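Asks:
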Amino acid sequence: MSALLCAATTVMLVAACGGGSSGGSTGTAGASAGGDVTLEFSQWWEPELPANALRGMMDEFEAANPGIKVKLLSGPYASTKEQSVAGAAAGTMADVVGLDGAWVSDFVKQGAITDLSKLMKDSAYDESQLAAQIKINNAAYMIPVVNFVYPLFTNDDLLKKAGVSAPPTNRTEFLDAAKKVTALGGDTKGWVVPLSLEAPNGIQNDVMAWNWASGGTMLKDGKPDLTNADVKETVEFVKGMWDAKLVAPGALTMKEQDKVEEFTNGRVGMMIDSLAHVTLIRESNPNLKFSISAIPAKDGYSGKRGIPYASWGIGISENSKHKAEAFKLVSFLMNEKNNSKLASVANAFPGNTTAVPDFVQNDDLFKAAFDIYKAGYPANEFTGLPVAEELMRSFDEELQKTLNGDQTVDEMLTNAQAGWTKNF
Amino acid sequence: MSTSVKAGPRQSPRPGPTRPIGTPRKPWRRRVEPYVYVFPTVLLMVVLMLVPIVMVIRYSLYDNVIMKKEPVLAGIANYTEILTDPDFWNAVKNTAFFTGTSVVAHLVLGMAFAMMLNTPLLGNVTKAIFRVLFILPWLFTVAIIAVLWRLLLNPNGVLNYLLQTGGLTDSKVEWLADPNIALYAVTFINIWSGYPFYMMSLLAGLQGIPRDLYEAATVDGASYWQRWWNVTVPQLRPIIVSIAMLDVIFTTQQFALIWMTTGGGPINVTEMLSTFTYKLAFNRYQFSLASASAVIIFVFSMVLAFFYVRYQKARD
Chain F
313 MSALLCAATT VMLVAACGGG SSGGSTGTAG ASAGGDVTLE FSQWWEPELP ANALRGMMDE
373 FEAANPGIKV KLLSGPYAST KEQSVAGAAA GTMADVVGLD GAWVSDFVKQ GAITDLSKLM
433 KDSAYDESQL AAQIKINNAA YMIPVVNFVY PLFTNDDLLK KAGVSAPPTN RTEFLDAAKK
493 VTALGGDTKG WVVPLSLEAP NGIQNDVMAW NWASGGTMLK DGKPDLTNAD VKETVEFVKG
553 MWDAKLVAPG ALTMKEQDKV EEFTNGRVGM MIDSLAHVTL IRESNPNLKF SISAIPAKDG
613 YSGKRGIPYA SWGIGISENS KHKAEAFKLV SFLMNEKNNS KLASVANAFP GNTTAVPDFV
673 QNDDLFKAAF DIYKAGYPAN EFTGLPVAEE LMRSFDEELQ KTLNGDQTVD EMLTNAQAGW
733 TKNF
Chain G
326 MSTSVKAGPR QSPRPGPTRP IGTPRKPWRR RVEPYVYVFP TVLLMVVLML VPIVMVIRYS
386 LYDNVIMKKE PVLAGIANYT EILTDPDFWN AVKNTAFFTG TSVVAHLVLG MAFAMMLNTP
446 LLGNVTKAIF RVLFILPWLF TVAIIAVLWR LLLNPNGVLN YLLQTGGLTD SKVEWLADPN
506 IALYAVTFIN IWSGYPFYMM SLLAGLQGIP RDLYEAATVD GASYWQRWWN VTVPQLRPII
566 VSIAMLDVIF TTQQFALIWM TTGGGPINVT EMLSTFTYKL AFNRYQFSLA SASAVIIFVF
626 SMVLAFFYVR YQKARD
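So the sequence lines, in the order shown, correspond to chains F and G.
Its first residue numbered 313, the first sequence is counted upward by one per residue in our numbering.
Its first residue numbered 326, the second sequence is counted upward by one per residue in our numbering.
1) Secondary structure at Tyr539(G), three-state DSSP: helix, strand or coil?
2) Which chain F residues sit within Cβ distance under 7 Å of Glu499(G)?
3) Quick one: what's got a C-beta closer than 7 Å to Thr586(G)'s C-beta in the same chain, skipping five residues either side?
4) Cβ closer than 7 Å: which chain G residues qualify as neighbours of Leu509(F)?
5) Could you please tell me which residues of the segment 402-415 of chain F, in chain order, have their CB closer than 7 Å to any CB of chain G?
6) When the Cβ atoms of the segment 658-669 of chain F are set against those of the segment 636-649 of chain F, are three or more pairs found closer than 8 Å?
7) Could you please give me the residues that DSSP links to Tyr621(F) through a beta bridge?
8) Check each candidate in Ser599(G), Phe607(G) and Gln532(G) and name the one with the smallest Cα separation from Lys418(G).
9) Straight-line CA distance for Ile382(G) to Ser616(G)?
10) Identify whether Ala691(F) lies in helix, strand or coil by the three-state DSSP scheme.
11) For Tyr387(G) and Ala399(G), which I take to be in contact (beta-carbon distance under 8 Å), what is that distance rounded to the nearest angstrom?
12) Mapping DSSP to helix, strand and coil, what is Ser699(F)?
13) Could you tell me whether the Cβ of Thr733(F) comes closer than 8 Å to any Cβ of chain G?
14) Could you tell me whether the Cβ atoms of Ala474(F) and Phe694(F) are closer together than 8 Å?
15) Distance cutoff 8 Å, beta carbons only. Does Gly387(F) sit that close to anything in chain G?
16) Quick one: what does DSSP say Tyr437(F) is sitting in, helix, strand or coil?
17) Determine, for Val572(F), whether the minimum Cβ-Cβ distance to residues of chain G falls below 8 Å.
18) Could you tell me whether the Cβ of Met392(G) comes closer than 8 Å to any Cβ of chain F?
19) For Ile606(F), which of Trp503(F), Arg705(F), Ile684(F) and Lys557(F) has the nearest alpha-carbon?
20) Going along the segment 600-614 of chain G in order, which residues come within less than 7 Å of chain F, judged by CB to CB distance?
21) How big is the Cα-Cα spacing for Val544(G) and Pro535(G)?
22) Report yes or no: is there a C-beta of chain F within less than 8 Å of the C-beta of Ala502(G)?
23) Ignore the nearest five residues each way along the sequence and tell me which others in Trp463(G)'s own chain have a CB closer than 6 Å to its CB.
24) Rounded to the nearest angstrom, what separates Thr409(G) and Val620(G) at their Cα positions?
25) Is Ser337(F) close to chain G? Criterion is C-beta to C-beta, closer than 8 Å.
26) How would you label Ile401(G), buried or exposed, when you count the other beta carbons within 10 angstroms and need 16 or more for buried?
27) Please list the segments of the alpha helix (DSSP H) lying wholly inside the segment 528-579 of chain F, counting only runs of 4 or more residues, in order along the chain.
28) If you count every other CB in all the chains shown that lies within 10 Å of the CB of Leu509(F), and 16 or more means buried, which is it?
29) Helix, strand or coil for Val594(G)? Go by DSSP, reduced to three states.
30) Can you tell which of Lys447(F), Gly534(F) and Asn364(F) has its C-alpha closest to the C-alpha of Phe736(F)?
31) What three-state label does DSSP hand Ala660(F) in the structure shown?
32) Let me know the secondary structure DSSP gives Ile391(G) once reduced to three states.
33) Return no unless some Cβ of chain G is closer than 8 Å to the Cβ of Gly717(F).
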């Protein structure tokens, strides 16, 4: 009985340490009897792509590289993260790993992922074709394969009904549009922001996005700088929207999928969201007319706008015995042709600078988004930070207290700064 | 006082625990056989329970394991840090409310529904229908319960629609997102999902109470409530104590429901010991602190388990 209870109590921790004894994936990719190398590739991408899209690409890779086989280890995002953490701890990470920028710093600290700069140099790889590399101490550990940008979505019908003729371009216009949409009454609200603590990426995509869109930053020399004027203005803007009751209800426990649902059902006028959800919104509500535009900047700002993004990144396990073969797979996914193909099926923007996804030519909405992407710059300062998700969560908690009226914006930023600093 | 033993006639030795001289030893196979039978269970218990428990206790004594290549012994530093963390005590407070309220409500509802299903006043068909309806929450997995209640309690959800249509509220209540209501809301969901366990256990107990006890009490002039208090409750006490203790342990460790409905928020009003520990491990990657927190929960569970086992032994 007691043992049973104990097992239940410790089950979460066992998940992390269990890999040490029994192993999940084996970073020691096997060489079969015939001499073939089998690479394990863990990612959350396959379930999010059309059936056989990724497997088909792996088959092409195998055909082009005789002697190398690829075994896909696929699961949902959260499971992939937990398995990667456990694998990193136990030294059993897959050879090639799908990475989120938020995980990189911690995996590097654990010595779990390898220096890609060295592999690129060894194989004389042309780095200039890569749109970005996630570097720590001047060594690249992750390459963003495709990027999902987060522009502003506006419900055309609601805005028109509220007397707003075009998507807002600055904060004043946005506030005005949100007020007019909310004034329509019923269940309608101007803006929606998901602040669930379970998945606190709303801080990155929906809150800090306002800061980056106006050229602001939350860091100084790589360290937290949350008390600067730009962040303060951003938080005050969000709080102003909140106090004016322009935000869809339930925000404090709302998740990203709830946000999309609110927009899809025509209950909110505007949201910042991933381009990856365009197809979902169209399928769920074919009658919804919506547009995509750049996130409004602060009034008078004329510089380049940062546009938040999330990546499907890729890295190689430090424990892999077949790093050269693993890098061949990375190169394969990053070349112009395959990167375009993957970006096309994922409705994402390519990580290769010369690649152009098909949908850009075929779809006006995506073309508009691609233009915004090209006009601005991808901005996500959480990428590469230590315990990035925890930073978002602690900021989220402080923001919730502020929205609830428990503290001022200045107190919030001071507390959040102190909380973040402990992790650097 | 002295005892004298008379020497009796010589008797042939009776079979006993010691092997008489001259008798052959049991074959090796017979002696090993019992151990072979229990070996799979012992192996499973060691691998799945003992090893993880020992590992977690060991982790809790080191400076951040897993994230450090060569962690050093930190003694009780992790325990000190956890026990002096106000967030931990906030989680303890929330867990105590969540668990205490859930267990009491489970018991009251479980008893009420069990008595209703056991009453002779209702026909068998009616009772069968109610039995199916009442047990439904128990058939859903936690994930389904969380999704279901998130939809029902959504500000634009069914419950608010009914309340507004019925004129009971004039604005949308943010059941899971309002810091003043969220803890009550998740506690309610847990009560809803857990009472059938009590109901079925108590119903089985009620059906086993001899009728003559009630008849004797009636002859003695006992009222309905007197019969309930002096016959039903004492007869059900062993079941009540057992399921209440198990419920305390299970509810204290409830993680999935909280995580999938509120994630411990808004702010930290629904933060439980389970979510607090999870966040330490998988968000902050502080595996040693998480281990220390898990060990504290484990010790608490062990105390309850001790009383549970002692109670069971006393009954036997």
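Even glycine gets a Cβ: it sits at the ideal position worked out from N, Cα and C.
As the structure is a computational prediction, the values presented were derived from the model and not from experiment.
Replies: For this structure:
1) Position 214 of the second sequence, counted from the start, is the residue given in the question as residue 539(G). Note: Tyr539(G) maps to helix in three-state DSSP.
2) Here residue 499(G) is taken as the residue at index 174 of the second sequence, counted from 1. Residues of chain F passing the Cβ test: Pro561 and Gly562.
3) Position 261 of the second sequence, counted from the start, is the residue given in the question as residue 586(G). Taken in chain order, the residues that qualify are Ala471, Trp474, Arg475, Leu501, Val511 and Ile514.
4) Numbered from its first residue, the first sequence carries residue 509(F) at position 197. By Cβ distance, chain G contributes Gly588, Gly589 and Gly590.
5) none
6) yes
7) In the first sequence, residue 621(F) corresponds to position 309, counting from 1. Beta-bridge pairing links Tyr621(F) to Val461(F).
8) Counting from 1 along the second sequence, the entry for residue 418(G) is found at position 93. Nearest of Ser599(G), Phe607(G) and Gln532(G) to Lys418(G), Cα basis: Ser599(G).
9) For the purposes of this step, residue 382(G) is taken as the residue at position 57 of the second sequence. For the purposes of this step, residue 616(G) is taken as the residue at position 291 of the second sequence. The straight-line gap from Cα to Cα measures roughly 7 Å.
10) What you label residue 691(F) is simply residue 379 of the first sequence in a count that begins at 1. Looking at Ala691(F) - three-state DSSP - the assignment turns out to be strand.
11) In the second sequence, counting from the first residue as 1, residue 387(G) sits at position 62. In the second sequence, counting from the first residue as 1, residue 399(G) sits at position 74. 6 Å between Cβ atoms; contact.
12) Along the first sequence, one-based indexing puts residue 699(F) at 387. Position check: residue 699(F) holds Val in this sequence, whereas Ser was assumed. In this structure, Val699(F) counts as coil in the three-state DSSP scheme.
13) Taking the first residue of the first sequence as 1, we reach residue 733(F) at position 421. Among the residues facing chain G, Thr733(F) is not included, as its CB has no counterpart in that chain under 8 Å away.
14) In the first sequence, residue 474(F) corresponds to position 162, counting from 1. In the first sequence, residue 694(F) corresponds to position 382, counting from 1. Not in contact: Ala474(F) and Phe694(F) (Cβ atoms no closer than 8 Å).
15) By 1-based counting over the first sequence, the position of residue 387(F) is 75. Answer no: the Cβ-Cβ gap between Gly387(F) and chain G never drops below 8 Å.
16) As a first step, residue 437(F) is located in the first sequence; it is residue number 125 there, counting from the start. Of the three classes helix, strand and coil, the one that applies to Tyr437(F) here is coil, per DSSP.
17) Position 260 of the first sequence, counting from 1, holds the residue named residue 572(F). Look at Val572(F): its C-beta is not under 8 Å from any C-beta on chain G.
18) By one-based count along the second sequence, residue 392(G) stands at place 67. Yes, Met392(G) counts as interfacial toward chain F.
19) Along the first sequence, one-based indexing puts residue 606(F) at 294. Before going on, a small fix: residue 606(F) reads as Ala here, not Ile. The candidate whose alpha carbon is nearest that of Ala606(F) is Ile684(F).
20) Cβ contacts with chain F come from Thr602, Tyr603, Ala606, Phe607, Asn608, Arg609, Tyr610 and Phe612.
21) Residue numbering aside, residue 544(G) sits at position 219 when the second sequence is read from its first letter. Residue numbering aside, residue 535(G) sits at position 210 when the second sequence is read from its first letter. Taking the straight line from one Cα to the other gives about 15 Å.
22) Locating residue 502(G) in the second sequence gives position 177, where the first residue counts as 1. Chain F contact via Cβ: present.
23) Taking the first residue of the second sequence as 1, we reach residue 463(G) at position 138. Take Trp463(G), set aside five residues on each side of it, and the residues of its chain with a beta-carbon closer than 6 Å to its own are Pro521, in chain order.
24) Sequence index remark: in the second sequence, residue 409(G) carries index 84 (1-based). Sequence index remark: in the second sequence, residue 620(G) carries index 295 (1-based). Approximately 16 Å, taken between the alpha carbons.
25) For the purposes of this step, residue 337(F) is identified with residue 25 of the first sequence, where counting begins at 1. Unreliable placement is indicated for Ser337(F), whose pLDDT of 39 sits below 50; the coordinate value is still reported in the next sentence. It does not: the Cβ of Ser337(F) has no partner Cβ on chain G nearer than 8 Å.
26) Here residue 401(G) refers to the residue found at position 76 of the second sequence. The residue is exposed, with fewer than 16 neighbouring Cβ atoms inside 10 Å.
27) 541-555 and 568-576
28) Residue 509(F) sits at position 197 when you count from the first residue of the first sequence. By the 10 Å Cβ count, Leu509(F) comes out buried.
29) On the second sequence, residue 594(G) is found 269 positions in, with the first residue counted as 1. Shown here, Val594(G) sits in coil according to DSSP, grouped into three states, outside any helix or strand.
30) Position 424 of the first sequence, counting from 1, holds the residue named residue 736(F). It is Gly534(F).
31) As a position in the first sequence, residue 660(F) is number 348, starting the count at 1. Three-state DSSP puts Ala660(F) in coil, outside helix and strand.
32) What you label residue 391(G) is simply residue 66 of the second sequence in a count that begins at 1. Correct three-state label for Ile391(G): coil.
33) Taking the first residue of the first sequence as position 1, residue 717(F) is located at position 405. Answer no: the Cβ-Cβ gap between Gly717(F) and chain G never drops below 8 Å.
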